[in-house]
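Residue numbers (the numbering used here): 13 to 142.
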């Protein structure tokens with residue numbers, strides 16, 4: 013038992029008396045910083061400013077398209093002949109002809125624009141087809 017006790021004591025004493033060099037401390041900090049970045053970007057969900065800007069722009073485009081689609085559907089339903097137009101719309105089987113029908117009706121053209129956005133036309137046609 014005394015051998016193990018003296019072995020533990022010598023390890024503890026060596027650990028307590030250890031003084032790393034400045035070079036070793038600097039390299040330990042560099043490696044720790046790099047490992048933190050790798051873990052953060054790989055698994056931590058960190059992104060760069062450019063990626064964040066692209067994601068925000070895509071989310072804005074999606075939200076704008078959804079809003080335009082909702083307005084289009086509301087305008088379609090508010091038309092005086094909405095039920096007849098809906099029957100006519102649902103009789104069209106091709107998707108591109110449905111989009112043309114919505115475009116020609118003018119329901120997807122937002123205020124201040126001269127022509128509708130293709131994404132809002134597609135979303136509106138999809139919502140009306142349901």
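For every residue, glycine included, the Cβ atom is placed at its ideal position computed from N, Cα and C. Every value quoted in this text rests on a predicted model; they were computed, and no experiment measured them.
To the nearest angstrom, how far is it from the Cα of residue i to the Cα of residue j?
i: residue 118; j: residue 70; result: 25 angstroms
i: residue 127; j: residue 108; result: 16 angstroms
i: residue 51; j: residue 44; result: 10 angstroms
i: residue 101; j: residue 86; result: 15 angstroms
i: residue 89; j: residue 121; result: 15 angstroms
Tell me, please, whether the CB atom of residue i is closer than 8 angstroms to any CB atom in chain D?
i: residue 69; result: Here chain D cannot be found, since the structure has a single protein chain.
Considering just the uninterrupted stretch of the alpha helix (DSSP H) at residue i, what are its terminal residues?
i: residue 100; result: 94-103
i: residue 72; result: 61-90
i: residue 122; result: Looking at the DSSP string, residue 122 is not in any alpha helix (DSSP H), and its letter there is neither H nor E.
i: residue 150; result: As displayed, the chain neither begins before 13 nor continues past 142, which places residue 150 out of reach and without an answer.
i: residue 55; result: That residue, residue 55, is in no alpha helix (DSSP H); it is neither H nor E in DSSP.
i: residue 107; result: 107-117
Can you say whether residue i is buried or exposed, counting buried as having 16 or more other CB atoms within 10 angstroms of its CB?
i: residue 24; result: exposed
i: residue 42; result: exposed
i: residue 140; result: buried
i: residue 129; result: buried
i: residue 137; result: buried
i: residue 31; result: exposed
i: residue 125; result: exposed
request  = Tell me, please, whether the stretch 52-62 touches the stretch 98-116 by the rule of three or more beta-carbon pairs shorter than 8 angstroms.
outcome  = no
- Item | the stretch 129-138 / the stretch 75-89 touching (three or more Cβ pairs under 8 angstroms) | yes
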